[in-house]
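Engineer: Sharing a structure with you now.
In the numbering used here, the protein residues as written are 46 to 369.
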(Lines of atoms letter the chains of each structure in order from A; the text may use other names.)
(Lines give C-alpha, C1' and ligand atoms only; values in the text may rest on other atoms or scores of the structure.)
Protein backbone atom coordinates (compact mmCIF):
# COMPACT_ATOMS: atom_id res chain seq x y z
CA UNK A 46 0.00 0.00 0.00
CA UNK A 47 1.40 3.37 -0.99
CA UNK A 48 0.96 6.46 1.19
CA UNK A 49 1.37 9.91 -0.16
CA UNK A 50 3.69 12.27 1.70
CA UNK A 51 0.65 14.26 2.66
CA UNK A 52 -1.01 11.24 4.28
CA UNK A 53 2.21 10.31 6.07
CA UNK A 54 2.56 13.82 7.44
CA UNK A 55 -1.05 13.77 8.56
CA UNK A 56 -0.50 10.46 10.32
CA UNK A 57 2.63 11.72 12.09
CA UNK A 58 0.84 14.84 13.27
CA UNK A 59 -2.13 12.82 14.48
CA UNK A 60 0.17 10.41 16.32
CA UNK A 61 2.09 13.27 17.90
CA UNK A 62 -1.12 14.90 19.07
CA UNK A 63 -2.25 11.60 20.53
CA UNK A 64 1.02 11.37 22.45
CA UNK A 65 0.76 14.86 23.90
CA UNK A 66 -1.29 13.83 26.98
CA UNK A 67 1.21 11.05 27.74
CA UNK A 68 4.17 13.40 27.32
CA UNK A 69 2.46 15.99 29.49
CA UNK A 70 1.83 13.37 32.18
CA UNK A 71 5.42 12.14 32.13
CA UNK A 72 6.78 15.68 32.20
CA UNK A 73 4.18 17.09 34.55
CA UNK A 74 6.75 17.98 37.22
CA UNK A 75 8.94 19.84 34.76
CA UNK A 76 5.91 21.63 33.37
CA UNK A 77 4.77 22.59 36.88
CA UNK A 78 8.24 23.87 37.74
CA UNK A 79 8.46 25.89 34.55
CA UNK A 80 5.06 27.42 35.18
CA UNK A 81 5.97 28.27 38.79
CA UNK A 82 9.31 29.83 37.91
CA UNK A 83 8.17 31.90 34.95
CA UNK A 84 8.31 35.59 35.81
CA UNK A 85 9.34 34.67 39.40
CA UNK A 86 12.10 36.49 41.22
CA UNK A 87 13.03 35.38 44.73
CA UNK A 88 13.21 38.11 47.36
CA UNK A 89 16.60 39.05 48.77
CA UNK A 90 15.62 37.44 52.10
CA UNK A 91 14.81 34.12 50.41
CA UNK A 92 17.99 34.21 48.32
CA UNK A 93 19.96 34.89 51.50
CA UNK A 94 18.33 31.93 53.27
CA UNK A 95 19.23 29.67 50.35
CA UNK A 96 22.82 30.88 50.47
CA UNK A 97 23.21 30.66 54.25
CA UNK A 98 21.93 27.08 54.28
CA UNK A 99 24.29 26.10 51.43
CA UNK A 100 21.39 24.91 49.25
CA UNK A 101 22.52 23.26 46.03
CA UNK A 102 20.97 24.17 42.68
CA UNK A 103 18.49 21.31 43.09
CA UNK A 104 17.35 22.45 46.53
CA UNK A 105 17.36 26.10 45.55
CA UNK A 106 15.17 25.28 42.55
CA UNK A 107 12.63 23.59 44.84
CA UNK A 108 12.82 26.53 47.24
CA UNK A 109 11.99 28.91 44.42
CA UNK A 110 9.46 26.65 42.68
CA UNK A 111 7.37 26.74 45.84
CA UNK A 112 7.82 30.52 46.17
CA UNK A 113 9.24 30.32 49.70
CA UNK A 114 8.09 33.21 51.88
CA UNK A 115 9.02 34.71 55.23
CA UNK A 116 5.73 35.67 56.84
CA UNK A 117 4.49 37.54 59.89
CA UNK A 118 2.08 35.90 62.34
CA UNK A 119 -1.30 36.56 60.69
CA UNK A 120 -0.19 35.70 57.16
CA UNK A 121 1.69 32.65 58.42
CA UNK A 122 -1.36 31.32 60.23
CA UNK A 123 -3.42 31.78 57.07
CA UNK A 124 -0.84 29.91 54.99
CA UNK A 125 -0.16 27.14 57.50
CA UNK A 126 -3.64 26.16 58.61
CA UNK A 127 -2.42 23.54 61.08
CA UNK A 128 -4.54 22.60 64.07
CA UNK A 129 -1.86 20.88 66.18
CA UNK A 130 -1.11 22.36 69.58
CA UNK A 131 2.66 22.44 69.23
CA UNK A 132 4.58 25.45 67.95
CA UNK A 133 4.97 25.56 64.16
CA UNK A 134 7.90 27.40 62.57
CA UNK A 135 7.19 26.59 58.94
CA UNK A 136 5.15 24.48 56.58
CA UNK A 137 5.33 23.01 53.10
CA UNK A 138 1.98 22.94 51.33
CA UNK A 139 2.15 20.48 48.43
CA UNK A 140 1.58 22.18 45.11
CA UNK A 141 1.32 25.57 46.75
CA UNK A 142 4.28 26.89 48.69
CA UNK A 143 6.87 26.95 51.48
CA UNK A 144 6.09 29.30 54.36
CA UNK A 145 8.51 30.30 57.13
CA UNK A 146 7.57 32.18 60.29
CA UNK A 147 9.62 35.36 60.54
CA UNK A 148 11.37 34.90 63.89
CA UNK A 149 13.41 38.05 64.52
CA UNK A 150 14.69 37.57 68.10
CA UNK A 151 18.48 37.74 67.79
CA UNK A 152 18.82 35.16 70.57
CA UNK A 153 17.25 32.66 68.16
CA UNK A 154 19.57 33.33 65.26
CA UNK A 155 19.49 30.32 62.93
CA UNK A 156 15.87 29.30 63.40
CA UNK A 157 14.85 30.71 60.00
CA UNK A 158 17.69 28.86 58.30
CA UNK A 159 16.82 25.52 59.89
CA UNK A 160 13.13 25.97 59.09
CA UNK A 161 13.89 26.80 55.46
CA UNK A 162 16.09 23.72 55.10
CA UNK A 163 13.52 21.54 56.90
CA UNK A 164 10.69 22.59 54.59
CA UNK A 165 12.66 22.30 51.37
CA UNK A 166 13.49 18.72 52.38
CA UNK A 167 9.76 18.04 52.64
CA UNK A 168 9.38 19.19 49.05
CA UNK A 169 12.36 17.04 48.04
CA UNK A 170 10.97 13.96 49.78
CA UNK A 171 7.65 14.29 47.96
CA UNK A 172 9.52 14.06 44.66
CA UNK A 173 11.42 10.87 45.43
CA UNK A 174 10.13 7.77 43.67
CA UNK A 175 8.86 4.87 45.77
CA UNK A 176 12.12 2.92 45.54
CA UNK A 177 14.21 5.89 46.66
CA UNK A 178 11.81 6.74 49.48
CA UNK A 179 12.06 3.16 50.75
CA UNK A 180 15.86 3.33 50.71
CA UNK A 181 15.99 6.68 52.49
CA UNK A 182 13.33 5.61 55.01
CA UNK A 183 15.49 2.65 56.02
CA UNK A 184 18.50 4.91 56.53
CA UNK A 185 16.65 7.54 58.57
CA UNK A 186 15.01 4.83 60.70
CA UNK A 187 18.46 3.44 61.44
CA UNK A 188 19.63 6.88 62.58
CA UNK A 189 16.64 7.58 64.82
CA UNK A 190 16.88 4.14 66.44
CA UNK A 191 20.40 4.96 67.63
CA UNK A 192 19.80 8.60 68.54
CA UNK A 193 20.21 9.83 72.14
CA UNK A 194 18.90 13.40 71.70
CA UNK A 195 15.74 13.33 73.82
CA UNK A 196 14.35 16.53 72.33
CA UNK A 197 14.42 15.07 68.83
CA UNK A 198 13.06 11.73 70.05
CA UNK A 199 10.17 13.52 71.78
CA UNK A 200 9.46 15.51 68.62
CA UNK A 201 9.35 12.35 66.50
CA UNK A 202 7.10 10.66 69.05
CA UNK A 203 4.70 13.61 68.87
CA UNK A 204 4.49 13.18 65.10
CA UNK A 205 4.00 9.44 65.53
CA UNK A 206 1.10 9.98 67.93
CA UNK A 207 -0.49 12.50 65.60
CA UNK A 208 -0.15 10.43 62.41
CA UNK A 209 2.37 7.62 62.04
CA UNK A 210 2.17 7.89 58.24
CA UNK A 211 3.98 11.24 58.25
CA UNK A 212 6.92 10.04 60.37
CA UNK A 213 9.19 8.96 57.46
CA UNK A 214 8.75 12.35 55.79
CA UNK A 215 9.42 14.18 59.06
CA UNK A 216 12.47 12.03 59.81
CA UNK A 217 13.83 12.94 56.38
CA UNK A 218 13.65 16.65 57.30
CA UNK A 219 14.62 16.38 60.98
CA UNK A 220 17.68 14.21 60.48
CA UNK A 221 18.79 16.27 57.49
CA UNK A 222 18.79 19.50 59.50
CA UNK A 223 19.34 18.57 63.15
CA UNK A 224 21.51 15.44 63.42
CA UNK A 225 25.24 15.98 62.98
CA UNK A 226 26.57 12.43 62.67
CA UNK A 227 24.82 10.21 60.12
CA UNK A 228 25.89 7.26 57.91
CA UNK A 229 28.01 8.11 54.86
CA UNK A 230 25.33 6.85 52.48
CA UNK A 231 22.78 9.23 53.97
CA UNK A 232 25.29 12.10 54.02
CA UNK A 233 25.91 11.52 50.33
CA UNK A 234 22.18 11.61 49.68
CA UNK A 235 21.71 14.92 51.51
CA UNK A 236 24.59 16.43 49.52
CA UNK A 237 22.07 16.62 46.67
CA UNK A 238 20.43 19.45 48.59
CA UNK A 239 23.17 21.06 50.71
CA UNK A 240 26.81 21.53 49.83
CA UNK A 241 27.61 21.61 53.56
CA UNK A 242 24.73 20.12 55.55
CA UNK A 243 26.55 20.57 58.85
CA UNK A 244 26.23 24.33 58.47
CA UNK A 245 22.48 23.81 58.85
CA UNK A 246 23.02 21.50 61.83
CA UNK A 247 25.16 24.19 63.46
CA UNK A 248 22.28 26.65 63.12
CA UNK A 249 20.02 24.10 64.79
CA UNK A 250 22.47 23.49 67.63
CA UNK A 251 22.87 27.24 68.08
CA UNK A 252 19.25 28.14 68.61
CA UNK A 253 18.57 24.95 70.57
CA UNK A 254 21.35 26.05 72.92
CA UNK A 255 19.42 29.26 73.65
CA UNK A 256 16.69 27.10 75.19
CA UNK A 257 18.78 24.36 76.79
CA UNK A 258 21.11 26.82 78.53
CA UNK A 259 18.15 28.55 80.14
CA UNK A 260 16.46 25.27 81.03
CA UNK A 261 19.65 24.00 82.66
CA UNK A 262 20.18 27.32 84.45
CA UNK A 263 16.60 27.23 85.76
CA UNK A 264 17.09 23.67 87.02
CA UNK A 265 20.34 24.63 88.77
CA UNK A 266 18.67 27.63 90.39
CA UNK A 267 15.76 25.49 91.62
CA UNK A 268 18.26 23.13 93.25
CA UNK A 269 20.05 26.06 94.91
CA UNK A 270 16.76 27.62 96.02
CA UNK A 271 15.58 24.36 97.57
CA UNK A 272 18.92 23.73 99.28
CA UNK A 273 19.05 27.29 100.66
CA UNK A 274 15.46 27.04 101.88
CA UNK A 275 16.23 23.78 103.67
CA UNK A 276 19.31 25.36 105.26
CA UNK A 277 17.23 28.34 106.42
CA UNK A 278 14.54 26.08 107.90
CA UNK A 279 17.08 23.95 109.76
CA UNK A 280 18.90 27.02 111.13
CA UNK A 281 15.60 28.65 112.16
CA UNK A 282 14.61 25.49 114.02
CA UNK A 283 17.97 25.47 115.84
CA UNK A 284 17.66 29.19 116.62
CA UNK A 285 14.17 28.65 118.04
CA UNK A 286 15.58 26.07 120.46
CA UNK A 287 18.45 28.37 121.48
CA UNK A 288 16.05 31.28 121.90
CA UNK A 289 13.91 29.19 124.24
CA UNK A 290 16.98 28.19 126.26
CA UNK A 291 18.11 31.83 126.48
CA UNK A 292 14.64 32.89 127.63
CA UNK A 293 14.71 30.27 130.36
CA UNK A 294 18.19 31.40 131.40
CA UNK A 295 17.26 35.08 131.58
CA UNK A 296 14.18 34.23 133.67
CA UNK A 297 16.36 32.22 136.01
CA UNK A 298 18.85 35.07 136.30
CA UNK A 299 16.12 37.59 137.03
CA UNK A 300 14.58 35.40 139.73
CA UNK A 301 17.96 34.96 141.47
CA UNK A 302 19.36 38.45 140.96
CA UNK A 303 18.46 39.75 144.48
CA UNK A 304 19.83 36.84 146.50
CA UNK A 305 22.54 35.36 144.27
CA UNK A 306 26.23 35.26 145.16
CA UNK A 307 27.70 38.07 143.00
CA UNK A 308 30.70 36.04 141.74
CA UNK A 309 28.89 33.03 140.29
CA UNK A 310 25.92 35.19 139.24
CA UNK A 311 28.08 37.58 137.24
CA UNK A 312 29.80 34.61 135.59
CA UNK A 313 26.38 33.33 134.51
CA UNK A 314 25.48 36.78 133.16
CA UNK A 315 28.71 36.90 131.14
CA UNK A 316 27.99 33.43 129.74
CA UNK A 317 24.44 34.47 128.92
CA UNK A 318 25.61 37.60 127.10
CA UNK A 319 28.16 35.55 125.13
CA UNK A 320 25.42 33.12 124.12
CA UNK A 321 23.18 36.03 123.09
CA UNK A 322 26.00 37.41 120.97
CA UNK A 323 26.46 34.03 119.31
CA UNK A 324 22.72 33.76 118.78
CA UNK A 325 22.55 37.22 117.19
CA UNK A 326 25.45 36.30 114.90
CA UNK A 327 23.57 33.19 113.80
CA UNK A 328 20.45 35.29 113.19
CA UNK A 329 22.50 37.53 110.88
CA UNK A 330 23.70 34.45 109.02
CA UNK A 331 20.10 33.35 108.50
CA UNK A 332 19.16 36.83 107.32
CA UNK A 333 22.03 36.59 104.83
CA UNK A 334 20.70 33.23 103.64
CA UNK A 335 17.21 34.71 103.27
CA UNK A 336 18.66 37.50 101.16
CA UNK A 337 20.51 34.91 99.07
CA UNK A 338 17.31 32.87 98.74
CA UNK A 339 15.37 35.89 97.52
CA UNK A 340 18.14 36.78 95.09
CA UNK A 341 18.10 33.24 93.67
CA UNK A 342 14.33 33.43 93.23
CA UNK A 343 14.68 36.74 91.37
CA UNK A 344 17.38 35.25 89.14
CA UNK A 345 15.20 32.20 88.48
CA UNK A 346 12.24 34.40 87.56
CA UNK A 347 14.42 36.32 85.10
CA UNK A 348 15.61 33.10 83.46
CA UNK A 349 12.04 31.81 83.18
CA UNK A 350 10.97 35.17 81.77
CA UNK A 351 13.70 34.95 79.12
CA UNK A 352 12.69 31.38 78.32
CA UNK A 353 9.06 32.44 77.96
CA UNK A 354 10.13 35.33 75.73
CA UNK A 355 11.98 32.90 73.47
CA UNK A 356 8.97 30.60 73.31
CA UNK A 357 6.73 33.55 72.50
CA UNK A 358 9.15 34.65 69.78
CA UNK A 359 8.66 31.37 67.90
CA UNK A 360 4.98 30.88 68.72
CA UNK A 361 2.82 31.98 65.81
CA UNK A 362 -0.43 30.70 67.29
CA UNK A 363 -3.18 33.30 67.82
CA UNK A 364 -3.65 34.48 71.40
CA UNK A 365 -6.99 34.12 73.15
CA UNK A 366 -8.90 37.15 74.44
CA UNK A 367 -10.29 37.19 77.97
CA UNK A 368 -14.04 37.65 78.31
CA UNK A 369 -15.33 40.63 80.29
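Virtual Cβ for every residue (Gly too), placed ideally from N, Cα, C. It should be emphasised that the depicted structure is a prediction, and the values quoted were computed from it without experimental measurement.
1) Spatial neighbours of residue 95 within its chain, please: C-beta separation below 7 Å, excluding the five flanking residues on both sides.
2) Tell me which residue opens and which closes the alpha helix (DSSP H) that residue 324 is part of.
3) Within 10 angstroms of the Cβ of residue 157, are there 16 or more other Cβ atoms? Answer buried if so, exposed if not.
4) What did DSSP end up calling residue 164 once you bin it into helix, strand or coil?
5) Report the residue ranges of all alpha helix (DSSP H) runs contained in full by the segment 149-212; include only those spanning at least 4 residues, in chain order.
6) Would DSSP call residue 138 helix, strand or coil?
7) If residue 238 sits next to residue 103, beta carbons under 8 Å apart, how far is it from one beta carbon to the other, in whole angstroms?
8) If I follow the unbroken beta strand (DSSP E) through residue 290, where does it start and stop?
9) Could you give the residue range of the alpha helix (DSSP H) that holds residue 96?
10) In whole angstroms, what is the alpha-carbon distance linking residue 247 and residue 275?
11) So what does residue 146 bridge to, in DSSP terms?
12) Can at least three beta-carbon pairs, one atom from the segment 175-195 and one from the segment 208-222, be found at a separation below 8 Å?
13) Which residue comes first and which comes last in the alpha helix (DSSP H) that contains residue 85?
14) Out of 313, 261 and 287, point me to the one whose CA is closest to residue 299's CA.
15) Rounding to the nearest angstrom, what Cα-Cα distance links residue 190 and residue 235 in this structure?
16) Under the DSSP definition of a beta bridge, which residues are partnered with residue 239?
17) I'd like to know whether the C-beta atoms of residue 137 and residue 124 end up nearer to each other than 7 Å.
Structural biologist: In short, the structure shows the following:
1) If we look at residue 95 and ignore the five residues flanking it on each side, its Cβ neighbours are 105 and 108.
2) According to the DSSP assignment, residue 324 belongs to the alpha helix (DSSP H) that extends over 307-359.
3) Buried: at least 16 other Cβ atoms inside 10 Å.
4) Residue state for residue 164 is assigned as helix, using DSSP reduced to three classes.
5) For the segment 149-212, whole alpha helix (DSSP H) runs of length 4 or above, ordered along the chain, are 156-171, 175-190 and 195-207.
6) In the structure shown, residue 138 falls within a strand segment according to DSSP collapsed to helix, strand and coil.
7) That pair is a contact at about 6 Å.
8) Going by DSSP, residue 290 is part of no beta strand (DSSP E) but of the alpha helix (DSSP H) stretching over 242-301.
9) Judged by DSSP secondary structure, residue 96 falls within the alpha helix (DSSP H) whose first and last residues are 89-97.
10) Rounded to the nearest whole angstrom, the CA to CA distance from residue 247 to residue 275 is 41 Å.
11) Paired residues: 116.
12) Touching, yes.
13) From DSSP, residue 85 is part of no alpha helix (DSSP H); its letter is neither H nor E.
14) Looking only at 313, 261 and 287, the smallest Cα-Cα distance to residue 299 is reached by 313.
15) Linking residue 190 to residue 235 through their CA atoms gives a straight-line distance of about 19 Å.
16) Residue 239 is bridged to 100.
17) Not a contact, by the Cβ cut-off of 7 Å.
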